[in-house]
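Novice: Please read through the structure below; I'll follow up with questions.
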């Protein structure tokens, strides 16, 4: 879904850890098909994945630990809303100059558009 929605440029890097779903052949093919490159940190290195671990920790505290979910669909929808609506569109990130990821991407896209002559 991320690849079809975002249409990343070839040679982009997808960072994941060594969990089985990320090291599977199917996942690797999904990454490589549009020209993306998989990146897996070294086993046992807690710093190479620190940003993602921080994200999962925040989501656990801010969303998952706050209530019980009746169905998997309800949980999946809540996770989607948290990631896509709150985290990507509204939440400012210090690593992005206190901008949301969407705002940061839009600024970067504007910088790459050549000026008309």
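Numbering (our numbering), first residue to last: 2 to 118. Even glycine gets a Cβ: it sits at the ideal position worked out from N, Cα and C.
How far does the beta strand (DSSP E) with residue 17 in it reach, from first residue to last?
Specialist: 14-17
Novice: Please go through the same chain and pick out, in chain order, the residues whose beta-carbon is closer than 8 Å to the beta-carbon of residue 91, but skip the five residues on each side of it.
Specialist: Cβ contact annotation for residue 91 (same chain, cutoff 8 Å, sequence separation greater than five): 101, in chain order.
Novice: For the alpha helix (DSSP H) that contains residue 53, what are its first and last residues?
Specialist: 51-63
Novice: Whose C-beta lies closer than 6 Å to the C-beta of residue 35 among residues of the same chain, with five residues either side of it excluded?
Specialist: 4
Novice: Got a sec, what are the start and stop residues for the alpha helix (DSSP H) residue 83 sits in?
Specialist: For residue 83, no alpha helix (DSSP H) encloses it, and the DSSP letter there is neither H nor E.
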